Amino acid sequence: MPEISESSYLVTAGWDDVPHLDEDTKRQLLERTPPYLRDARSKGTPSLGAGAIYPIPESEITVPMMPMPAFWKRSYALDVGWNRTACLWGAEDPESGVCYLYAEYYQGQQVPSVHAEAIKARGKWIPGVIDPAARGRSQKDGEQLMATYQELGLTLTAADNAREAGIYDVWQMLATGRLKVMAHLSNWLNEYRLYRRDEKGHIIKKNDHLMDDTRYYVRSGRGVAIPKPFEGSFVGGAAGGDGRMGY
Numbered sequence: 002m003p004e005i006s007e008s009s010y011l012v013t014a015g016w017d018d019v020p021h022l023d024e025d026t027k028r029q030l031l032e033r034t035p036p037y038l039r040d041a042r043s044k045g046t047p048s049l050g051a052g053a054i055y056p057i058p059e060s061e062i063t064v065p066m067m068p069m070p071a072f073w074k075r076s077y078a079l080d081v082g083w084n085r086t087a088c089l090w091g092a093e094d095p096e097s098g099v100c101y102l103y104a105e106y107y108q109g110q111q112v113p114s115v116h117a118e119a120i121k122a123r124g125k126w127i128p129g130v131i132d133p134a135a136r137g138r139s140q141k142d143g144e145q146l147m148a149t150y151q152e153l154g155l156t157l158t159a160a161d162n163a164r165e166a167g168i169y170d171v172w173q174m175l176a177t178g179r180l181k182v183m184a185h186l187s188n189w190l191n192e193y194r195l196y197r198r199d200e201k202g203h204i205i206k207k208n209d210h211l212m213d214d215t216r217y218y219v220r221s222g223r224g225v226a227i228p229k230p231f232e233g234s235f236v237g238g239a240a241g242g243d244g245r246m247g248y
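All residue numbers for the sequence shown refer to this note's numbering, where the first residue is 2 and numbers rise by one.
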């Protein structure tokens with residue numbers, strides 16, 4: 002059961018949980034439902050209607066976990082903070098131009114060395130981009146975080162943090178099928194469901210670390226991405242890269 006805060010949890014229920022709805026009725030209801038509300042009404046997935054920043058059904062952007070060839074270019078985006086540090090890995094298929102978000106790291110209240118080791122475990126060779134504010138921001142004790150993470154062995158450059166331009170670029174890629182998300186990224190999907198604007202059109206800055214990472218990856222991460230620099234059919238690995246699987 003996904004935790005939204007210390008005192009609240011997310012529980013969903015869809016049409017398949019309602020025994021009196023037959024398949025024909027569900028089909029007719031779906032046809033009359035706007036695309037951006039279909040997952041909400043049919044599956045019980047939280048939707049924020051007109052307030053959703055990316056009003057695209059999850060079913061249109063998610064794909065199953067899959068291995069990825071070593072020649073696909075990879076990079077990651079990093080958003081750092083004491084309460085939450087989030088990292089998001091992406092890989093681009095050079096033949097189709099489709100990018101896949103394939104791994105995430107989501108951890109709070111740890112020192113930079115712990116985060117850095119977890120990130121390197123996915124592949125030390127993979128370059129990344131980081132929230133540019135980290136160049137002069139303190140995580141806990143006044144250190145400049147970008148330099149700190151570089152000293153800990155991460156290959157990092159500052160990301161483009163143009164917020165509205167980044168949101169537009171992400172939306173365009175999601176809407177045209179050029180950005181896909183592997184369905185096991187539960188933290189990314191939880192943030193996606195709740196990523197919204199308030200009644201004045203302002204982005205609600207809460208639980209959006211991986212959403213920020215997505216912008217950094219799309220705007221800057223693809224520009225630094227590289228294929229694995231040694232032989233092997235598949236790369237990656239859930240715990241640090243065993244040379245075979247790409248997730």
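Glycine is no exception: its CB is placed at the ideal position from the N, C-alpha and C atoms. None of these values were measured; they are calculated from a predicted model.
Could you tell me the boundaries of the beta strand (DSSP E) in which Ala104 lies?
Looking at the DSSP string, the run of the beta strand (DSSP E) that includes Ala104 is 100-108.
With distance defined between alpha-carbon atoms, name the residue in Gly109, Ala135, Lys207, Tyr55 nearest to Glu165.
Closest by alpha carbon: Tyr55.
Do the segment 219-234 and the segment 192-207 meet, that is, are 3 or more Cβ pairs less than 8 Å apart?
They do not touch, by the three-pair rule.
State whether the segment 145-160 contacts the segment 118-129, with contact taken as three or more CB pairs (one from each stretch) at a distance under 8 Å.
Enough Cβ pairs lie closer than 8 Å, so yes.
Taking Cβ positions, are Arg85 and Gly109 nearer each other than 9 Å?
In contact: Arg85 and Gly109 (Cβ atoms closer than 9 Å).
Alpha carbon to alpha carbon, how far is Ile205 from Asp213?
One C-alpha to the other measures close to 12 Å.
For Leu180, which residues does DSSP report across the bridge?
Answer is Cys100, bridged to Leu180.
In the DSSP assignment, find the unbroken alpha helix (DSSP H) run with Thr156 in it and report its ends.
No alpha helix (DSSP H) contains Thr156, which DSSP labels as neither H nor E.
Drop a sphere of 10 angstroms on the beta-carbon of Val64, count the other beta-carbons inside from all chains shown, and report buried for 16 or more, exposed for fewer.
Per the 10 Å Cβ criterion, exposed.
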